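Under my numbering, the residue at position 225 of the sequence shown is numbered 226, and the numbers go up by one with no gaps.
Glycine included, every Cβ here is placed at the ideal spot set by N, Cα and C.
Nothing here was measured: the structure is a model prediction, and the numbers come from that model.
So the structure is just underneath, and the comments pick up after that.
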Amino acid sequence: MPATKTRASRAALAMALVLLLGGIQPAAQGYVLNYTVAASGGCPQPNRFNTATAGIVDRRWSTSLSSSPQTVLTAATDPDARLNEIEQSILRSFAVWARVSGTSLVQESLGPLGRTTTQSACQLQDGLNTLCFNQSSSLFTGGVLAFTRVVTSDLVGEQPFPNSPPSAFIGEILDADILFRPNDSDIRFATPAALPAHPSAFDLESVLIHELGHLFGFSHSGLWRAIMFPFAPPRGTFAGERPTEQRPDAPLADDDRVGLRVLYPNPADIRLDAVNGGQIRGRVVPVNSAALSGLPETSPGRAVTGIFGAHVVAVDADTGEIIAGVLAGWSCDPASPPVRFDGSFALERLPLGRNYKIYVEPLDGPVSAASIQSAVQSLCRSDVPQPCTPPPVNTRFTLLVVP
Ligand SMILES: [Zn+2]
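Encoded structure:
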């Protein structure tokens, strides 16, 4: 995680998509969100755009593309046609998220997709949400294919960028940039039209849709089918299904959709809609509470009283379909912050009319605590009136199945 804080009143974090090493048996876990704690303290608030304003998700991309080696492979060869082909992929990828039903993040939330010829257009925190394919970064270590840097507001009313409106809430995303790994002869990205002819390339849209999940506020999911799973699909393949007019959000899993509905609730939908209003709440606690006694206090006077970092997953009991999962382990009372590490979880915006089973699983791989470290760290701050420190993610418990 890069410490790209340029002002005390902004928090920045970066999340990366890495190569899948293969040979692993992914467990069923679920989506995780990133949070911001206000500069004045309080409960963590989820990072998200202010969708009350149309066109709020400003977006542009840098048309600077490396040619030797060629990072982005297209079916078209003419320079203008190449740019158009890449741009169509970018537009389709945004539309996948904007067309999930039952959220306030809709196509109208997105501004027009602009272009810039600046190579390092993702260098600056400028209030512009930018995609770059030709900008190097020290974060491209190991198998990192792409990463997203998100800057959020921790002070209501701040206007860090001249052209953006003052922030309306804590956690409001002010600037998010996506960087693809450039200049690597072994790692190339191909548009859907070019992928069949380039089986050693990574699918541009799969990687981009994943990074856009970070741009919109997600951390990672431990769920194999989720687009927010932290490992890319193998070379030459793509995640899920391609979007179609009938199923515009097709590459996403239910876990991604539920997470987006939680992050961008549609107020009308919550009151009136009988489709996605399900909620399951609870706590994950050890059978013997003495098992937690060795853990450090996370804030003055507050011991860890539940399992922190378990994934709680809702499964359709009739079909076996995994619907959604969340990171369990904390709650926060706005009247008494900071976070309590009491094992609490809340599965919200679940499809109604189904029978659910709940699974509780440790975060012990292939998605480990490292994959959601930014989300865990974002629950607490040390420089606020109510400081806290997250306990270590607890992976030393056995799976329970509760009817
Ligand atoms: Zn990622």
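Item	Value
Roughly how many angstroms separate the alpha carbons of Arg182 and Leu146, rounded to a whole number?	5 Å
Could you pull out every residue in the same chain whose Cβ sits closer than 8 Å to the Cβ of Pro338, ignoring the five residues on either side in sequence?	Gly42, Gly43, Cys44, Gln387
Considering just the uninterrupted stretch of the alpha helix (DSSP H) at Val286, what are its terminal residues?	Looking at the DSSP string, Val286 is not in any alpha helix (DSSP H), and its letter there is neither H nor E.
Would you check whether ligand 1 has a heavy atom nearer than 7 Å to the C-beta of Pro70?	no
Does the segment 247-258 come close enough to the segment 74-92 to have 3 or more Cβ pairs within less than 8 Å?	no
Measure how close the beta-carbons of Val97 and Pro244 come, nearest whole angstrom, since I'm counting them as under 8 Å.	5 Å
Run the CB neighbour count on Ala376, radius 10 Å, all protein chains shown included, and call it buried at 16 or more, exposed below.	buried
Would DSSP call Ile210 helix, strand or coil?	helix
Where Tyr36 and Pro47 are concerned, what is the direct C-alpha to C-alpha distance, given to the nearest angstrom?	4 Å
What residues in its chain sit with their C-beta under 7 Å from that of Cys389, if we drop five residues either side in the sequence?	Thr299, Ser300, Pro339, Val340, Cys381
Pro335: beta carbon under 7 Å from a heavy atom of ligand 1?	no
Beta-carbon separation of Ile308 and Asn184 under 8 Å?	no
Does the beta-carbon of Pro367, which I'm using as the reference point, lie nearer than 7 Å to any heavy atom of ligand 1?	no
Buried or exposed: which applies to Leu353, given that a residue is buried once 16 or more other Cβ atoms fall within 10 Å of its Cβ?	exposed
Excluding the five sequence neighbours on either side, which residues of its own chain have a C-beta within less than 8 Å of the C-beta of Gly128, listed in chain order?	Asp59, Pro161, Phe162, Pro163, Asn164, Ser165, Leu175, Asp176
Less than 6 Å between C-beta atoms, sequence neighbours within five positions excluded: which residues of the same chain meet that for Ile188?	Arg182
For a test of your reading of the model: does the CB of His312 fall under 7 Å from any non-hydrogen atom of ligand 1? Yes or no.	no
Where Gln136 and Asp334 are concerned, what is the direct C-alpha to C-alpha distance, given to the nearest angstrom?	42 Å
For Arg355, does the three-state DSSP call read helix, strand or coil?	coil
Residue range of the beta strand (DSSP E) that Ser154 falls in?	145-154
Pop quiz: Asp255 and Ser222 are said to be a contact at Cβ under 8 Å. What is the actual Cβ separation, rounded to whole angstroms?	With 8 Å as the limit, Asp255 and Ser222 do not qualify as a contact, their Cβ atoms being about 11 Å apart.
Does the Cβ of Pro231 lie closer than 7 Å to at least one heavy atom of ligand 1?	yes
With distance defined between alpha-carbon atoms, name the residue in Ser69, Arg355, Ile359, Val285 nearest to Val314.	Ile359
Could you tell me which residues DSSP puts in a beta bridge with Cys133?	Leu180
May I ask you to report which of helix, strand or coil DSSP gives Trp62?	strand
Going by DSSP in three states, Phe95 sits in which element: helix, strand or coil?	helix
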